[in-house]
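Everything in the sequence shown is counted per my numbering, starting at 555 for the first residue and increasing by one.
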Amino acid sequence: AARRDIFRGYAARFDLASITMKAIACLLTVYSVYLLYCESCKDEYYAFARALIAALSDATFAQRGSVSAAALVLAASVWLLTVLWMRRRPEVLLVDFKTYRHASVGGDPRNTAGEPVAYDRFLAESRAARHLDGGECFTAKSLQFQEKILRTSSISERSLFPPSIFREEVGQDAVLAERDSLCMRGAREEAECMMFNAVEQLLEATHVAPHEVSILVVNCSLFCPTPSLSAMLVNRFGFRSDVQTFNLGGMGCSASLIALDLARKLLRSPDQRNALALVVSTENITQNWYRGNDRTMLLSNCLFRCGAAALLLSNRRADRRRARFRLLHLVRTHLGKKDDCYRSVFQEEDEEGVRGVRLSKQIMQIAGDALKGNITTLGPLVLPLSEQLFFLLNALARKALGKRLPLPPPVRGAVAAATAALLRLSPVGYAVGLRPPTSAIP
555 AARRDIFRGY
565 AARFDLASIT
575 MKAIACLLTV
585 YSVYLLYCES
595 CKDEYYAFAR
605 ALIAALSDAT
615 FAQRGSVSAA
625 ALVLAASVWL
635 LTVLWMRRRP
645 EVLLVDFKTY
655 RHASVGGDPR
665 NTAGEPVAYD
675 RFLAESRAAR
685 HLDGGECFTA
695 KSLQFQEKIL
705 RTSSISERSL
715 FPPSIFREEV
725 GQDAVLAERD
735 SLCMRGAREE
745 AECMMFNAVE
755 QLLEATHVAP
765 HEVSILVVNC
775 SLFCPTPSLS
785 AMLVNRFGFR
795 SDVQTFNLGG
805 MGCSASLIAL
815 DLARKLLRSP
825 DQRNALALVV
835 STENITQNWY
845 RGNDRTMLLS
855 NCLFRCGAAA
865 LLLSNRRADR
875 RRARFRLLHL
885 VRTHLGKKDD
895 CYRSVFQEED
905 EEGVRGVRLS
915 KQIMQIAGDA
925 LKGNITTLGP
935 LVLPLSEQLF
945 FLLNALARKA
955 LGKRLPLPPP
965 VRGAVAAATA
975 ALLRLSPVGY
985 AVGLRPPTSA
995 IP
């Protein structure tokens, strides 16, 4: 193993192909100087220089019928195409993916971890929940609120809770639940049950050995232990010693896309040629099952479940035939500079010191704004030119009607009135996608 690591270090430092190309270039340069050196050939050198200058002049002023100019332009074209070919970015392919599905709902027979969240069982566990001092965790109003959210959420009763929350019997741990089940050990068990099965089944389905993986990215918002979740996977599957591992935490519901974006950028790096990247996305609720009575924090109990997904990405040409998808575009919109967006999903303690995740009432509006920004950015990348033109006309018309164009105030009013008049014409209104305003533009 030590000898293999030494050779791997030398291979990372010295690129044999690059060294060979540089050596050939140096030898050709020396050989060309040797061929050019001649005391009695000065007239030929001057003739060559004059021919080269004439070729540049003919190419610059588009002189037709000049063979030398055509040869010069052809050489420049070959050089430019070579540079473009060398600068091209490799394709990022999704070879395959696996999600953790319980055996009871058609998943792999090995997927037996987790308990279905039947509504009656959920409410029974909530009624039996106790703090360390023996006091009830939830009041009657909190129980009624949770039942209302559960029965109107449309979340399947086959979704899963980890065994640390749903024990073999209702209220099995009673006052010791926070110490024996909802602890670091229980959270590790939840992560292992979900991630290990998904990764193992993905590697089996793709016939990929762990030592073939060059990049490992794991994301989990609420559980960031030491050693990390990525280290947990390295230890379990025996990834090679130079695998690049990344552990993303606290990134919320968009963490999977952020992990994909990181893996994509790494696979497009010149340092990662013919590489495989494993992306594992999971969430952990063991230590964040809220046991208080704040309604904005009780929502997470009713809406969040456990699970995991594993994705294998590749930039190898050999994987093009078996790949499921090709990653074309990925955009991000970060609204964290706004306080209401920053606190829309916030992990903290309530007034009684009970830790949980608070969901803001404006979370749907904030998510809609982020989605709108993403679609606006993604539109020019995927929409045909005709749709992009309609979008541009629509945006200009909206700004004109709202008097937001960068024009002097009198001109903006005239433009708004002219736009409203044009929108009353059926062809213009159809092309722009706007109806004329009902009230006159002042």
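All C-beta atoms, glycine included, are put in the ideal place defined by N, C-alpha and C. These figures come from a predicted structure and were not determined experimentally.
Residue i - containing beta strand (DSSP E), residue span
i, result
"residue 769", "769-773"
"residue 909", "909-913"
"residue 650", "646-653"
"residue 901", "899-903"
"residue 835", "830-837"
"residue 515", "Past the boundaries of the shown model lies residue 515; the chain is included only from 555 to 996, so the question cannot be answered."
Close Cβ partners of residue i (< 7 Å) along its chain, the five nearest in sequence each way excluded
i, result
"residue 906", "846"
"residue 696", "847 and 852"
"residue 813", "771, 773, 802, 833 and 835"
"residue 829", "768, 769, 821 and 869"
"residue 896", "890"
"residue 664", "751"
"residue 916", "894 and 898"
Own chain residues within Cβ distance below 8 Å of residue i, not counting five before or after
i, result
"residue 666", "656 and 657"
"residue 1012", "Beyond the ends of the chain as shown, which are 555 and 996, falls residue 1012; an answer cannot be given."
"residue 810", "773, 833, 835 and 863"
"residue 792", "764 and 765"
Distance, residue j Cα to residue i Cα
i, j, result
"residue 785", "residue 808", "22 Å"
"residue 625", "residue 583", "21 Å"
"residue 604", "residue 610", "10 Å"
"residue 839", "residue 863", "16 Å"
"residue 528", "residue 570", "What the structure shows of the chain is the stretch from 555 to 996, and residue 528 is not part of that stretch, so it cannot be assessed."
"residue 975", "residue 983", "10 Å"
"residue 756", "residue 782", "21 Å"
"residue 601", "residue 592", "14 Å"
"residue 893", "residue 661", "41 Å"
"residue 909", "residue 735", "16 Å"
"residue 911", "residue 934", "36 Å"
"residue 978", "residue 971", "11 Å"
"residue 764", "residue 798", "13 Å"
"residue 790", "residue 753", "10 Å"
"residue 879", "residue 953", "39 Å"
"residue 804", "residue 651", "23 Å"
"residue 723", "residue 669", "11 Å"
Contact belief for residue i with residue j at Cβ below 8 Å, rounded distance in angstroms
i, j, result
"residue 649", "residue 823", "That belief does not hold up - the Cβ atoms of residue 649 and residue 823 are roughly 19 Å apart, past 8 Å."
"residue 914", "residue 898", "4 Å"
"residue 686", "residue 659", "Contact doesn't hold; Cβ gap of about 35 Å is too wide."
"residue 959", "residue 986", "Residue 959 to residue 986, Cβ: 15 Å. No contact."
"residue 930", "residue 955", "Rounded, the Cβ-Cβ distance is 19 Å, inconsistent with contact."
"residue 856", "residue 713", "About 11 Å separates the two Cβ atoms, so there is no contact after all."
"residue 653", "residue 806", "Not quite, the Cβ-Cβ distance comes to about 19 Å (not below 8 Å), so this is no contact."
"residue 613", "residue 623", "4 Å"
"residue 1049", "residue 779", "Residue numbering for the chain in the displayed model covers 555 to 996; residue 1049 lies beyond these limits and cannot be assessed."
Beta-carbon proximity list for residue i, same chain, < 6 Å, skipping 5 on both sides
i, result
"residue 831", "769, 817, 821 and 867"
"residue 672", "711"
Enclosing alpha helix (DSSP H) for residue i [first to last residue]
i, result
"residue 894", "893-896"
"residue 873", "No alpha helix (DSSP H) contains residue 873, which DSSP labels as neither H nor E."
"residue 731", "731-734"
"residue 879", "Careful: residue 879 lies outside any alpha helix (DSSP H), inside the beta strand (DSSP E) at 879-881."
"residue 788", "783-791"
"residue 815", "809-821"
"residue 952", "939-955"
Heavy atom of the ligand FMN within 7 Å of residue i beta-carbon
i, result
"residue 729", "The model depicted lacks the ligand FMN and carries no ligand whatsoever."
Under 8 Å, with one C-beta from each stretch per pair, do the segment 869-888 and the segment 773-786 reach the 3-pair mark? no
State whether the segment 707-726 contacts the segment 739-752, with contact taken as three or more CB pairs (one from each stretch) at a distance under 8 Å. yes
Tell me whether the segment 672-681 and the segment 690-706 touch, counting them as touching only if at least three CB pairs, one residue from each stretch, are closer than 8 Å. yes
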